[in-house]
Amino acid sequence: MNSEHMSRRSVLRAGGVAGLAAATGLATAGASAAAPADQHRTKIVDLGPAVVRFSLMSAVLVGDILYIGSRNLEAAKIIAFHVPTGKVVGETSLATGHSVQAIAADPTGAYVYAGVLQKAAGAGYVYRWDLKALGTPATALGRIKDRDVRDLAVAPDGTVYAVGSGGATAPALWEYDPAKKEFAELGSPSPDATTALAVAATRDTVFFGAGSTLHAGGGASKAVLFAYDRTSRAFTDVTPAELRGDAAVRELAVVGDRLAVGTAGSTEPSKVAVMDLTDLSRYEVASSTGKTAKKFAAADGRIYFANETGLLAYDTATRTVAPVEFEGPALGEIWGVDSRDGKILVTSAFGFVAEIDPKAKKAEVTELAEAGAPASPQTVMGIAAGGGNVYISGTGTIARHNLRRREVAYLRAPGEAKDAIVVGDTLYTGQYSSEGIWAYHPRRLDPIRKVASFPAAQNRPADVAWDDTHRLVLVGAESDTEGGGSFWTYNPRTGTSRCFVNPIDAGQCVRGVAAKNGVAYLGGDNNTKTTPYATVVAFDPVAGKELWRIDPQQTAGIAALALRGRHLYGISRKGGFFVINVRTRTLIHRADITAVSKGYAAMVTNQGVVYGVSDTTVFRFHPRTFAVSVVVPDINGGWYSGSHLANDELGRLYTMRGRNLVQITDRPGF
């Protein structure tokens, strides 16, 4: 074990000497070997697939068939949903990727093109499905250098354009020539953008919309819109001045002789612009509601579109935006808006298609699972246990596993519960994106509901904890669009909530949260690397003020925190481990645990022992020596956005093994 205990003379005190490694000679060298698993002391029960659903991320209408791209399923799929009969009449699987965010139809109606999101680094794939033969598989056309394909457009002559994110350089515009059968890079007009989310094409011009809805801060650009001349092959910045303060251009669509533009808002609501294609300096801009304006469809003098929770319409005569009123279910996140026979087709992330009649204000809903959409196990987000239940978050849903009856029920919840806790028998979740805190009481038979809202820019909850002294739900969050993050509190008794923006600094989000004796400990992480990272701040959640801070001398941001007695345990995203004595406010221990943890991790204190989980391993720390040992090797959990670990009142641990939920009973015998 390459770890050290620090004497009182060599500790790093809050606000004290920064050069710990130089003063103590404790630079960690090499990965520590973990002790072998105590297999005879550990019992594992497989509780079956955690979340089984058909979830979706895109849709496009061609004739009477709605082509819908899947989300968070492997293999990624496209299904063909026949609107008149309400049945799925075809499907195809794609060879790569986990989600289909980009989908577009050929103007002739001959093909559907799709681009995938993927976890592994590398080039993003674009596929084509022949609509004349739905029984044949989609074929891979080629790749763009960006890892994720975020949007596609097909020009009237059949040329395909693609944009994305996640590459080593700024997102570029890509062109696929069907005759040459290859992709060409046309350039990156916005070198400071982190994500290109929108593309549209006419006979003469391609429109490129970008900005920074992910990994913002540190000089990343806001919303930008460029026009690419297909003849001169030059880019021109045509961003309306009113849009430049938003996070990104989120959506583009050619609507007759106009270009519809939707933004992703940040500190302000999103906007809709309608631009004259013959003179782009002539445009109209209207403020919308919510964080996004996406998925445009024109009908009856209005341009219909979605925000993160519902359907809206831009009236071209009055130049105003208003919600579309109808009798029907909550639509949740919307991934498709299309017009057909006087009705608006809405494809909901909840897994249904709603045909909304704006005049009659009625809606007919078809559940895709009942229509024949294929359900399969998802990768998952947050996990929480207690009150006889285990809750696991998928995409647009939370699975409730009843341990006594061995039954699984599903709660519809918008977005994703990135983390959650159970207090008594009540579930509290941190909902992405910009959905705040939600609560569910299983014995009251109430639906899950939002109980606290926070600034829209504070959109990505990272960790949920419980302050037993003040009886508060605590949440650490990240701002995708502004950088930095926030710390939230919610009082279930009074219903009051508070938000503290950038409690560590302007660059660090709050990735880890732990609480004891009325003090919350916040662990920082910074994707931009423009300010320090891995700072630990002790914070009074009632007074709303910092008590002290300490630098745990890590080379990466904090992934998780946990408390045991006077010791605060922390793991970094590069496998660094540290322990802080919160009474003396000193750093007393550091180690390299990359043998069991690399990347995102989670920890929980269970029966007096701190346990951790990574993408590969469940492990524990010795309560006196802090030595790490393996509990379950090769767990290889099916996590969508970082591993999680929960425990219940009986001291049993819950996590994922592959795409199955497992219960772990461990008796370390310390």
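With mature numbering (1 follows the signal peptide of the UniProt record, and there is no 0) as the guide, the letters of the sequence shown map in order to residues -29 to -1, 1 to 641.
Ideal placement from N, C-alpha and C gives every residue a C-beta, glycine not left out.
These numbers were taken from a predicted model, which means no experiment stands behind them.
What residue from the options has the CA that sits closest to residue i's CA?
i, options, result
"residue 213", "502, 127, 256", "256"
"residue 39", "342, 135, 222", "342"
"residue 317", "155, 265, 357", "265"
"residue 183", "604, 453, 322", "453"
"residue 456", "398, 534, 434", "434"
"residue 579", "527, 522, 638", "638"
"residue 314", "608, 607, 601, 32", "32"
"residue 41", "74, 498, 156, 584", "74"
"residue 308", "298, 273, 287, 166", "273"
"residue 436", "573, 536, 537", "573"
"residue 62", "107, 68, 21, 69", "107"
"residue 525", "513, 541, 536, 512", "541"
"residue 84", "111, 91, 90", "111"
"residue 602", "592, 608, 596, 297", "592"
"residue 147", "203, 105, 86", "86"
What are the boundary residues of the alpha helix (DSSP H) that includes residue i?
i, result
"residue 340", "339 to 342"
Check whether chain C comes within 9 Å of residue i, counting only Cβ atoms and requiring the distance to be less than that.
i, result
"residue 547", "Of the protein chains in this structure there is only one, and it is not chain C."
When you compare the CB positions of residue i and residue j, do they come within less than 9 Å of one another, or not?
i, j, result
"residue 220", "residue 243", "no"
"residue 292", "residue 258", "yes"
"residue 362", "residue 331", "no"
"residue 445", "residue 486", "yes"
"residue 567", "residue 590", "yes"
"residue 170", "residue 88", "no"
"residue 399", "residue 463", "yes"
"residue 564", "residue 599", "yes"
"residue 251", "residue 209", "yes"
"residue 109", "residue 99", "yes"
"residue 365", "residue 577", "no"
"residue 527", "residue 545", "yes"
"residue 161", "residue 133", "no"
"residue 512", "residue 533", "no"
"residue 493", "residue 458", "yes"
"residue 597", "residue 560", "yes"
"residue 349", "residue 22", "yes"
The beta strand (DSSP E) that contains residue i, what's its start and end?
i, result
"residue 72", "70 to 76"
"residue 90", "No beta strand (DSSP E) holds residue 90; DSSP gives it neither H nor E."
"residue 100", "95 to 101"
"residue 402", "397 to 403"
"residue 148", "144 to 148"
"residue 378", "378 to 383"
"residue 450", "Note, residue 450: premise wrong, no beta strand (DSSP E); not H, not E."
"residue 519", "516 to 521"
"residue 373", "368 to 373"
"residue 352", "Taken as a continuous stretch (DSSP letters only), residue 352 belongs to no beta strand (DSSP E), as it is neither H nor E."
"residue 524", "It is not in any beta strand (DSSP E) - residue 524 carries neither H nor E in the DSSP assignment."
"residue 504", "Where residue 504 is concerned, there is no enclosing beta strand (DSSP E), given that its DSSP letter is neither H nor E."
"residue 229", "229 to 235"
"residue 409", "407 to 411"
"residue 315", "314 to 319"
"residue 636", "631 to 637"
"residue 431", "431 to 438"
"residue 363", "360 to 364"
"residue 20", "13 to 20"
"residue 564", "No beta strand (DSSP E) holds residue 564; DSSP gives it neither H nor E."
"residue 154", "153 to 158"
"residue 123", "119 to 125"
Contact check, residue i vs residue j under 8 Å by CB: the rounded distance?
i, j, result
"residue 339", "residue 324", "7 Å"
"residue 321", "residue 303", "5 Å"
"residue 125", "residue 76", "7 Å"
"residue 191", "residue 163", "6 Å"
"residue 188", "residue 478", "6 Å"
"residue 530", "residue 483", "7 Å"
"residue 606", "residue 626", "7 Å"
"residue 310", "residue 270", "4 Å"
"residue 261", "residue 280", "6 Å"
"residue 47", "residue 70", "6 Å"
"residue 178", "residue 230", "6 Å"
"residue 297", "residue 268", "Residue 297 to residue 268, Cβ: 15 Å. No contact."
Query raised in the report: So, do the stretch 543 to 558 and the stretch 616 to 624 have three or more beta carbon pairs nearer to each other than 8 Å?
Result: no
- Task: Decide yes or no for the touch test of the stretch 402 to 415 against the stretch 619 to 633: beta carbon pairs closer than 8 Å, at least 3 of them.
- Result: no
- Touch check for the stretch 53 to 65 and the stretch 377 to 385: three-plus C-beta pairs under 8 Å? no
Worksheet item: Using 8 Å as the threshold, is the stretch 417 to 424 in touch with the stretch 145 to 157, meaning 3 or more CB pairs across them?
Response: no
message: Count Cβ pairs between the stretch 109 to 122 and the stretch 81 to 95 that sit closer than 8 Å; are there 3 or more?
response: yes
Check whether the stretch 20 to 34 touches the stretch 382 to 389, counting contact only when three or more Cβ pairs, one atom from each stretch, lie closer than 8 Å. No, the stretch 20 to 34 is not in contact with the stretch 382 to 389.
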